[in-house]
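Quick note, the sequence shown lines up with residues -24 to -1, 1 to 315 if you use mature numbering (1 follows the signal peptide of the UniProt record, and there is no 0). By construction, the Cβ of each residue, glycine as well, lies at the ideal position given by its N, Cα and C atoms. Contents: one structure, followed by commentary.
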Amino acid sequence: MKLTKLSTLLASAAMAVSGTIAMAADYTLTISSWAPPTHGINAMMWPKFVEMIEEATDGQVTAELKLGIAPPPAQMDLIQDGAADLSIVFHGYQPGRFVGYKLIELPGYEGSAEAASVAYWRAHEQYLGKADEHRGVKLIALHTHGPAQLHSTTPVTEMSQIAGLKVRIPGGVGGDVGTALGATGIQVPAPKVYETLASKAADGVVMPFESRKGFKLTEVAQNVYEMPGGLYRGSFAFIMNEDTFADLPEDIQKALEEKVFGEPLSREIGKIWDEIDAIGRAETEATAGNAINAASTADLEKFAAIAAEVREKVIAEVAATGVDAQAAYDLIKSEMAAN
């Protein structure tokens, strides 16, 4: 399918989550999402989730999407309190609450978002889950976005030019990298990025390529400084209310656990992120006045040193939680290299 056709798909698929099948289902779950309606999270990821649960349960379970119930940082508490059944959370929005999951965000990994998401779930099962950082909700998938790059209002062609810029950087490893690069960090949730740049409250943002389209960065941040492998990868979780899951019949619980939750869903979400990153890149290349500036060989060497320092810092932080951080990191790296 051509990318031009995919952009049409993004708009139409957002409505598919609450499709007609919901009327025939025995159980209709409520999804809370904070992303824009046509963003890939709502237009492609949640519809894929619904497709998977409907197929796994022979149509007995479906879900409907509701937007704007609460801001991004509140989603974890929202699901724990039962105000919605399902949501997606970005770990970096709640600093200090999710420490182990910073491991997947480290710069220097090689591989797709699909490979990263599968490796992430396997590391969770073997190591990260022992810290029980998602207590209070049921964790049903883990994934990353694609490599994050700097999107700026003025051209950045050398890494040294980042120092002193006012840059929207999320928490987690993204914040560690921003500090190491000398940027002045501005904390705003993703839905506020467009207006933050348009009002010139920030000089740039660090986000994956999908944001070129998903958050309309081609209009307000025409320049991309691209570091191979990215400056970091953002960490996300799909979560579910524990009571909602417990109230489902045992045969349905089993079907969801075996066919949807965990690695299968994590893989599919990662795969979609690779797709929407490609759409964002194509949108940038096709938009007049937009430019992608590749990092130089000299900058690659400088960033490798920064990445090593951040990696050492994060592994020590995660190890302090009682998790075998080095083993988890090694597993992620080897799994991604193999895929």
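Taking 8 Å as the threshold (C-beta atoms), are residue j and residue i in contact?
i           : j      : result
Thr120      : Gly210 : yes
Ala271      : Met203 : yes
His127      : Val200 : yes
Ala313      : Glu86  : yes
Trp22       : Pro48  : no
Thr62       : Ile145 : The identity of residue 62 in the sequence shown is Leu, whereas the question assumes Thr. Their beta carbons are not under 8 Å apart, which means Leu62 does not touch Ile145 by this criterion.
Lys142      : Ile162 : yes
Val299      : Lys42  : no
Arg269      : Thr194 : Per the sequence presented here, residue 269 reads as Asn, with Arg not at that position. Against a cut-off of 8 Å, the Cβ pair of Thr194 and Asn269 comes out as no contact.
Ala91       : Phe237 : no
residue 317 : Gly180 : In this structure the chain extends from -24 to 315, so residue 317 is not present and cannot be described.
Gly147      : Pro83  : no
Using a Cβ-Cβ cut-off of 8 Å, state whether residue i counts as contacting chain D.
i     : result
Met28 : Of the protein chains in this structure there is only one, and it is not chain D.
Go ahead and pull the three-state DSSP assignment for residue i.
i      : result
Val182 : strand
Glu134 : coil
Thr14  : coil
His127 : strand
Tyr85  : coil
His119 : strand
Tyr103 : coil
Ile7   : strand
Ala144 : Looking at the sequence itself, residue 144 is Arg, so the reference to Ala does not match. Arg144 falls in the strand class under three-state DSSP.
Ala50  : helix
Pop quiz: residue i and residue j are said to be a contact at Cβ under 8 Å. What is the actual Cβ separation, rounded to whole angstroms?
i      : j      : result
Val286 : Val94  : With 8 Å as the limit, Val286 and Val94 do not qualify as a contact, their Cβ atoms being about 23 Å apart.
Thr4   : Ile228 : In fact, because the Cβ distance is near 13 Å, the residues do not count as touching under 8 Å.
Gly35  : Ala1   : 6 Å
Gln125 : Leu207 : 7 Å
Met28  : Val113 : That pair is no contact at about 19 Å.
Ile64  : Phe221 : The pair is not a contact, with the Cβ atoms about 16 Å apart (cut-off 8 Å).
* To do: Flag this pair as touching only if the stretch 94 to 111 and the stretch 61 to 77 have three or more C-beta atom pairs under 8 Å; answer yes or no.
  => yes
* Asked: Counting pairs of beta carbons, one from the stretch 184 to 195 and one from the stretch 3 to 15, are three or more of them closer than 8 Å?
  -> yes
* Which runs of the beta strand (DSSP E) fall wholly inside the stretch 216 to 292 and span at least 3 residues, in chain order? -> 267 to 270
* Asked: Could you give the uninterrupted runs of the alpha helix (DSSP H) lying entirely in the stretch 155 to 210, keeping only those of 4 residues or more?
  -> 169 to 174, 187 to 190 and 193 to 196
* Would you be able to state if there are at least three C-beta pairs under 8 Å between the stretch 155 to 172 and the stretch 239 to 251? => no
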